[in-house]
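In what follows, a single structure is set out as structure tokens and then discussed.
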Amino acid sequence: MKIDRIRLDRLVLPLDPSFAAAWDPVPRRSFFATIVRVDTDDGLTGVGSGDTMDGFDAYRHLFIGQDPLALARHVRVLETIDFHAGRYWPLEVALWDIVGQVAGLPVATLFGGALDGLPVYASCGELVAPEERAQRALRFQDEGFRALKIRVDPHRLPEGLAAVEATRRAVGDEMGIMVDLNQGWRMPGDTKPALDPAGARNAVARLRELDVLWVEEPLAGTDLHGLRELRRATGQRIAGGEMIRTFPELVVALESDAFDVIQPDVVLAAGMSRVRTLAELTLARHRWFTPHTWTNGIGLLANLHVAAGVGGGPFLEFPYDPPGWTVERRDFMLAEPLRADADGTLRVSGRPGLGITLDDHAIRRYAA
Ligand SMILES: [Mg+2]
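Using my numbering, the letters of the sequence shown correspond one by one to residues 403 to 770.
And the structure:
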């Protein structure tokens, strides 16, 4: 079998304008998603998405004519490209999708088959007033979610902490609450200073009183020493690592004792194969592995298959914050959006590969 063709479809995300503005301090025309399709010479097609794949055309020839099943070779080649250019991990996702189709098995089974699904947490992206955040949390609870994650703007800490307080009061003790300070994440052009260590320590100590499950990226992601000190000083679970770019750096982060929860996104950070290995190391050290999934339904599926395969958890991120961010907007390129069961579990479908069915009409409609 050979790789015959690699197709890239660049799409404009159908974002709610106020939701987009809440994320990006620098005005830009739009956000993009790229769908990668790998066609083989015997008629199979694998699908991936996540990184935008900008600049990939210069490296396409390194894959055309190659055996699509030679994943170890492709991962090493993608790492050499990542050194010079982009994180083209959606291509690896499409190749794993082909491997699963050839095997007749879900990718999660090939990755270990530990679980057939994971409880998901509603991962909120919008910054809203405390009362509104609490109301939305009650709706999540009604829909079956057992946890939610609240994004707190480090430059508006009192308001963010008030949102967590109001939510805890509204939902009671049963529902898990995570908090993301996003200090490891930067939109292009955002040069605002990071939260200082003393401010982070005060915020984390207050969040511990509110019994949050984890605090995510309270300091810059590269500040492993600071994160480790914060863990020790507060006793609060600390999460991070969603965008750590290479496998060796992920291992350093794990060994530095900076994180209780490691979150590399397989479609952005280091790919499915490498993140699987990292996840197994993480679990062997009795830490939590639960990846970042904030891209789209295809990225969510790729992360679900790895996390379910190795037995990650205890929750998987489910980007969801209606009315601005619905499953229909998130998964607009899929024939059917991904939904959790009534008990808040996202299941691996039994279909071979990643089980992706694209909506060709949507792909034409939102073409950039
Ligand atoms: Mg995060």
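We treat Cβ as the ideally placed atom computed from N, Cα and C, and that holds for glycine.
- Taking 4 residues as the minimum length, the alpha helix (DSSP H) runs contained wholly in the region 451-525 are 473-486, 491-505 and 509-512, in order along the chain.
- Rounded to whole angstroms, the separation of the alpha carbons of D444 and T624 is 45 Å.
- DSSP places G578 within a strand segment (E or B) once states are collapsed to three.
- Beta-bridge partners of D411 (DSSP): I437.
- Taking E719 as reference, the option from A539, F434 and L550 with the minimal CA-CA separation is L550.
- E644 sits in coil when the DSSP states are folded into three classes, being neither helix nor strand.
- If you compare the alpha carbons of G726, A744 and H763 with that of P419, the shortest gap goes to G726.
- DSSP places A769 within a strand segment (E or B) once states are collapsed to three.
- Taken through DSSP and simplified to helix, strand or coil, L718 comes out as strand.
- Within a 10 Å sphere around the beta-carbon of S675 sit 16 or more other beta-carbons, which makes this residue buried.
- Annotated as distal: S451 and N705, with beta-carbon spacing of 8 Å or more.
- Distance from the C-beta of D723 to the nearest heavy atom of ligand 1 is not below 7 Å.
- Distances between the C-beta of W587 and the heavy atoms of ligand 1 include at least one below 7 Å.
- When V501, I664, P724 and N584 are compared, the shortest CA-CA separation from G714 is found for I664.
- Judged by DSSP secondary structure, V617 falls within the beta strand (DSSP E) whose first and last residues are W616 to E618.
- Here F691 is bridged, per DSSP, to I664.
- Short note on N584: C-beta closer than 7 Å to some heavy atom of ligand 1.
- Check the Cα spacing between L512 and each of V712, A737 and Y768: the tightest is with V712.
- For L529, no beta strand (DSSP E) segment is defined, and its DSSP state is neither H nor E.
- Taken atom to atom, the span from the alpha-carbon of V614 to that of P716 is near 14 Å.
- T747: not part of any alpha helix (DSSP H); member of the beta strand (DSSP E) spanning T747 to R749, first to last residue.
- A direct Cα-Cα distance of roughly 7 Å separates E561 from A531.
- Your pair L540 and V501 does not check out as a contact, with CB atoms roughly 42 Å apart and the cut at 8 Å.
- Here V449 carries a strand assignment [DSSP, helix/strand/coil].
- The C-beta distance from V606 to Q638 rounds to 5 Å, short enough to fall under 8 Å.
- Here W696 is actually not in contact with D662; their C-beta atoms are around 20 Å apart, not less than 8 Å.
- By the neighbour-count criterion, in which a residue is buried when 16 or more other Cβ atoms sit within 10 angstroms of its Cβ, D723 is buried.
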